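Numbering (the working numbering), first residue to last: 41 to 117. Data block below; observations after.
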């Protein structure tokens, strides 16, 4: 399953420690999203996540989409 840069960045902004955590967090926030484009992006991403196996999800490195500040902080630790 191929994620767009936008979809991958969206997943990385939630708890993406495992597929179920990402799905639960994104679904919980979906009802709070007012922006139509962001809501559609989230729905599309949730659909893609539902099609993945846990093993497929675990093989994706979402950390490349973390912010530079988070990456710099991790490098210092």
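Every residue, glycine too, gets a C-beta built ideally from N, C-alpha and C. Note that this is a predicted model, so its numbers are computed, not measured.
In chain order, 41 place their CB closer than 7 angstroms to the CB of residue 96, counting only its own chain and leaving out the 5 sequence neighbours on each side. In the DSSP assignment, residue 97 falls within the alpha helix (DSSP H) that extends over 94-98. Just measuring C-alpha positions, the residue of 45, 46, 69 sitting nearest residue 55 is 69. Between residue 45 and residue 66 a beta carbon distance of about 17 angstroms is seen, past the 8 angstroms cut, so the two are scored as non-contacting. In this structure, residue 81 lies away from residue 63, with their beta-carbon atoms at least 8 angstroms apart.
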